[in-house]
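First comes the structure, then the notes that go with it.
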Amino acid sequence: MARSSRKEPLVQSGILLVDKPQGLTSHDVVSRVRRVAGTRKVGHAGTLDPMATGLLVVGVNSSTRLLTYLVGADKRYEATILLGRSTASDDADGETVAVADAAQLASVTDVAIDEAVAALTGDIEQVPNAVSAIKVDGRRAYDRARAGEDVQLSARPVRVDRFEVLERRRLADTIELDVVVDCGSGTYIRALARDLGSALGVGGHLTRLRRTRVGGFDVADAAGVDELVVPDGLLTPAAVAETVVARWDVDEPTATALAQGKKLPSSLPDGLRAAIAPGERLIGVVRVAGGVVRSVTNFPSDEVRAPSTDGAAS
Numbered sequence: 089m090a091r092s093s094r095k096e097p098l099v100q101s102g103i104l105l106v107d108k109p110q111g112l113t114s115h116d117v118v119s120r121v122r123r124v125a126g127t128r129k130v131g132h133a134g135t136l137d138p139m140a141t142g143l144l145v146v147g148v149n150s151s152t153r154l155l156t157y158l159v160g161a162d163k164r165y166e167a168t169i170l171l172g173r174s175t176a177s178d179d180a181d182g183e184t185v186a187v188a189d190a191a192q193l194a195s196v197t198d199v200a201i202d203e204a205v206a207a208l209t210g211d212i213e214q215v216p217n218a219v220s221a222i223k224v225d226g227r228r229a230y231d232r233a234r235a236g237e238d239v240q241l242s243a244r245p246v247r248v249d250r251f252e253v254l255e256r257r258r259l260a261d262t263i264e265l266d267v268v269v270d271c272g273s274g275t276y277i278r279a280l281a282r283d284l285g286s287a288l289g290v291g292g293h294l295t296r297l298r299r300t301r302v303g304g305f306d307v308a309d310a311a312g313v314d315e316l317v318v319p320d321g322l323l324t325p326a327a328v329a330e331t332v333v334a335r336w337d338v339d340e341p342t343a344t345a346l347a348q349g350k351k352l353p354s355s356l357p358d359g360l361r362a363a364i365a366p367g368e369r370l371i372g373v374v375r376v377a378g379g380v381v382r383s384v385t386n387f388p389s390d391e392v393r394a395p396s397t398d399g400a401a402s
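Heads up: the sequence shown runs through residues 89 to 402, numbered per our numbering.
This is the structure we're talking about:
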């Protein structure tokens, strides 16, 4: 039995911007990208719950190494908060655990809402919900909670740069708020909904969540899961890296030295740089410190061979 002499197709490395629909997990999206791209080396930067929609940044092949720098990027969310009911998960997927009465809701004024929102803006302490993706002793909190464990998570510092109410709807037994939130990494919007409801004395939870921005990337430029095209839809590693850290153009000898792990003298200011060689090739993310530059994350060639689907040929 002789092997086919036909060359296997090339699959590029890069970043895909995906508009995740409601009902799919982030892992579901990764699985679809693996099938479309023909490679198992796929990951994402920042989980979206099944209820949530919006921008999921997905790395393919060596560009998965860039996800480390994207996970910590600032994010923007559009959401709807329902005041008057609390749920076990702080979102619409959870069981209702408390309901405010009409008198309590009537006491919630627009001024009170604005003051409570302001108190949840800036540098705050936030306790994530027990069904979050945070790991506790190596296991996700939601796995422990669903197994019946009593999961108690500690408060952690987060940053909320903008928490703005865009629209208010006073219904018969609830108050709905459409909001926009700009925040730092690690902020839970459903925890904001819970804490806002708690501050107002009526409880609250999240009924809609859409992520519209991750760092310099916008959901307007993302493709739906049924519209994914690889490699045409891939953003190049160099283009992505220079949106995360400052660009540093290097010549071929410098590129070779960095790829070999050598430390080089540098007059650049301290900090991270994306070292980009001629031809828009990302060599790596480097760190400049004390007049010396060294590679932090190297990037191999932008193309790898995809697994053959032909099998053996006689």
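Built from N, CA and C at the ideal position, the CB exists for glycine as well.
On a predicted model such as this, the values are computed, not experimentally measured, just so you know.
Item                                                                                                                         : Value
Simplified DSSP state of Tyr165, which is helix, strand or coil                                                              : strand
Stretch-stretch touch, CB-based, cutoff 8 Å, three pairs: the segment 360-368 with the segment 128-136                       : no
Cα-Cα separation between Ala311 and Gln100, rounded to whole angstroms                                                       : 18 Å
Helix, strand or coil at Gly102 [DSSP, three-state]                                                                          : strand
Sequence-distant residues of the same chain with beta carbon closer than 7 Å to Ser383, five excluded per side               : Leu346, Gly349, Gly372, Val374
Chain-order list of residues whose beta-carbon lies under 6 Å from that of Thr184 (same chain, five-residue window excluded) : Arg173, Thr175
Length of the line joining the Cα atoms of Ile201 and Gly210                                                                 : 16 Å
Distance, Thr331 Cα to Ile277 Cα                                                                                             : 25 Å
Option in Ser151, Val118, Arg296 with minimal Cα separation from Met139                                                      : Arg296
Three-state class that DSSP yields for Arg123 in the structure shown                                                         : helix
Where the alpha helix (DSSP H) through Asp337 begins and ends                                                                : It is not in any alpha helix (DSSP H) - Asp337 instead sits in the beta strand (DSSP E) that spans 334-337.
Whole-angstrom distance between Leu265 and Asp107, CA atom to CA atom                                                        : 23 Å
At least 3 beta-carbon pairs within less than 8 Å: the segment 318-331 vs the segment 184-196                                : no
Backbone secondary structure at Ser383 - three-state DSSP                                                                    : strand
Coil, strand or helix - Ser150 by DSSP                                                                                       : helix
Reference Ile169, options Leu254, Phe305, Asp320, closest by Cα                                                              : Leu254
Those residues which DSSP pairs with Ala311 across a bridge                                                                  : Val106
Residue range of the beta strand (DSSP E) that includes Asp211                                                               : 210-214
Beta strand (DSSP E) segment containing Ala180, residue limits                                                               : Here Ala180 belongs to no beta strand (DSSP E), and DSSP marks it neither H nor E.
Enclosing beta strand (DSSP E) for Gly359 [first to last residue]                                                            : 359-365
Nonlocal neighbours in the same chain, by C-beta distance under 8 Å from Gly379, ignoring five residues either side          : Pro353, Ser354, Ser355
Ala204 and Val267 closer than 8 Å at C-beta                                                                                  : no
Distance CB(Val146)-CB(Leu104) smaller than 8 Å                                                                              : yes
Ala260 Cβ short of 7 Å to the ligand MG heavy atom set                                                                       : This structure simply doesn't include the ligand MG, nor any ligand for that matter.
Pick from Glu368, Leu322, Phe387 that is closest to Asp339, judged by C-alpha positions                                      : Glu368
Neighbourhood of Thr397 by C-beta distance below 6 Å, restricted to the same chain and skipping five residues each side      : Note that Thr397 scores a pLDDT of 39, beneath 50, so its modelled location is shaky and nothing firm can be said.
Beta-carbon proximity check, Leu284 vs Gly274, cutoff 8 Å                                                                    : no
For Asp283, the three-state DSSP class (helix, strand or coil)                                                               : helix
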